[in-house]
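Residue numbers (the numbering used here): 19 to 181.
The beta carbon of each residue, even a glycine, is placed where N, CA and C say it ideally should be.
Computed from a prediction, not measured in an experiment: that's the story for all the values here.
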């Protein structure tokens, strides 16, 4: 079965074509997963199964690899990804309050995505900016010393962002 990969720029590829293109045997699977993540925004189960089959791996082995690395996603995320640091310093300085305020403000579903699909919020462990705790990462931009009371303003600002 050939599952197409539709990239954000409209190109079409498939796992077989990526397999041939990524010739380095040791990093082939990782490179293909990286390309799928880049093109699709997450790694759909059908593509995970196809990569596993092509590599001669059990799908569960590859799923274990994908679920180990936080950079891989197995479901779509909102346009804006907000990661709330739950490292020790951030937790002690109010990360749970920030997270709760985001959940409330955005009416998040069980997967952490807002009903309009604009936001996904996740808890992550230590982003390495402890001196700026509590920290959130918004669309790959670290924001430090965040207060729960600032969440509504941040959400409004992101909703008005035109990308």
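Sub-8 Å separation of residue i and residue j beta-carbons
i           : j           : result
residue 123 : residue 156 : no
residue 102 : residue 117 : yes
Other residues of its chain near residue i: CB distance less than 6 Å, five sequence neighbours each side excluded
i          : result
residue 26 : Annotation note: pLDDT 37 at residue 26 (below 50); position unreliable, coordinate value reported separately. Taken in chain order, the list of residues that qualify is empty.
Where the beta strand (DSSP E) containing residue i begins and where it ends
i           : result
residue 138 : 137 to 142
residue 101 : 98 to 103
residue 160 : 159 to 161
Own chain partners of residue i with C-beta closer than 7 Å, once the 5 adjacent residues on each side are dropped
i           : result
residue 93  : 60, 129
residue 119 : 166, 169
residue 96  : 131, 132, 135, 136, 137, 138
residue 66  : 77, 80, 81, 84
residue 112 : 152, 166
Nearest-angstrom Cβ-Cβ length linking residue i and residue j, presumed shorter than 8 Å
i         : j           : result
residue 9 : residue 147 : No answer is possible for residue 9: it lies beyond the span of the chain, which begins at 19 and ends at 181.
Where the alpha helix (DSSP H) containing residue i begins and where it ends
i          : result
residue 49 : 46 to 58
For this session: Could you tell me which uninterrupted beta strand (DSSP E) segments, each at least 3 residues in length, are contained entirely in the segment 106 to 155, listed from first to last along the chain?
Result: Listed in chain order, the complete beta strand (DSSP E) runs (minimum 3 residues) inside the segment 106 to 155 are 137 to 142.
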